[in-house]
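These notes concern the structure reproduced below.
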Amino acid sequence: MYSADLAHIHDAGFSDFSRDVAPHLVAHLPPRGLIVEAGCGSGVLARALTDAGFRVRGFDASPSMIALARTRAPRASFRVATLASAPIPRCDAAIAIGEVITYVSAWRTVTRFFRRVHDALPIGGVFLFDFIESGDRRTYPPKRIAGDDWSIVVRADLSDRNRVLTRRMTLFRKVGRTYRESRATHRVYVRSRDMVAGALRATGFAVTMGRSFGGYRLMPGDVAVVARKR
Numbered sequence: 673m674y675s676a677d678l679a680h681i682h683d684a685g686f687s688d689f690s691r692d693v694a695p696h697l698v699a700h701l702p703p704r705g706l707i708v709e710a711g712c713g714s715g716v717l718a719r720a721l722t723d724a725g726f727r728v729r730g731f732d733a734s735p736s737m738i739a740l741a742r743t744r745a746p747r748a749s750f751r752v753a754t755l756a757s758a759p760i761p762r763c764d765a766a767i768a769i770g771e772v773i774t775y776v777s778a779w780r781t782v783t784r785f786f787r788r789v790h791d792a793l794p795i796g797g798v799f800l801f802d803f804i805e806s807g808d809r810r811t812y813p814p815k816r817i818a819g820d821d822w823s824i825v826v827r828a829d830l831s832d833r834n835r836v837l838t839r840r841m842t843l844f845r846k847v848g849r850t851y852r853e854s855r856a857t858h859r860v861y862v863r864s865r866d867m868v869a870g871a872l873r874a875t876g877f878a879v880t881m882g883r884s885f886g887g888y889r890l891m892p893g894d895v896a897v898v899a900r901k902r
């Protein structure tokens, strides 16, 4: 899903979210302990958590992201794995931010992931994540974003009764004196609050939902979830 070039571009140009939301997530966590991070990306949040004194085990489906994470957060441990397959060790909290669950097309896979997280947490343990509940204001014609050695052209469209948000990307990364071009398409799945909250409660979580984690407000259409094991 994230090739080496897309992982580099995402890390260089789109890491502010993980960096800025980190202190607001820490406010929900126990004073110390093991945090499991699903969809850890390039390790920006993992680095903030280890700097705050937590132990972190992260996983991501992209080997390129995991390679970046191991460099950025050397005190954390990482593995290549998906939400469908990753074992969730006993932990004090779990985190999956950056619309991680919305990348999973099969709802059954998401609910089984909720169950595995629930089983890994102690009573009162917290599970923090976000998801897309609306594609309104999330579509746009092609737009270009650029950094020092990269640029990306992205278009976002809604389909299937506004339940699937498709992002089509053309990537340019500088390699030597030239730019390498590649393409990627990501589909993320819009899900209702009732659907997500119902699955969490059926699993055994008490659920709070909102538009922000503490003082950090999410993008339009995104929902912040604080779920605690009952």
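Taken in order, the sequence shown gives residues 673 to 902; the numbers are from the working numbering.
We put the beta carbon where it would ideally sit given N, CA and C, even for glycine.
Three-state class that DSSP yields for residue i in the structure shown
i: M891; result: coil
i: A878; result: strand
i: R865; result: helix
i: R855; result: strand
i: F689; result: helix
i: R873; result: helix
For residue i, the first and last residue of its enclosing beta strand (DSSP E)
i: R784; result: Not the beta strand (DSSP E): R784 falls in the alpha helix (DSSP H), residues W779 to A792.
i: M841; result: V836 to V847
Residues bridged to residue i [DSSP beta-bridge criterion]
i: L697; result: L697 is not bridged to any residue.
i: R816; result: V825
i: F803; result: V895
i: A710; result: F731
i: L957; result: No answer is possible for residue 957: it lies beyond the span of the chain, which begins at 673 and ends at 902.
i: T850; result: V847
i: S884; result: R889
i: R900; result: V798 and A878
First through last residue of the alpha helix (DSSP H) which encompasses residue i
i: A720; result: V716 to D723
8 Å contact criterion, which residue i and residue j should meet: CB distance rounded
i: A768; j: G819; result: Rounded, the Cβ-Cβ distance is 26 Å, inconsistent with contact.
i: R900; j: F885; result: Not confirmed; about 14 Å, so no contact.
i: G770; j: F844; result: About 23 Å separates the two Cβ atoms, so there is no contact after all.
i: V708; j: I760; result: 6 Å
Unbroken stretches of the beta strand (DSSP E), 3 residues or longer, contained in the stretch 727-785:
727-732, 749-752 and 765-768
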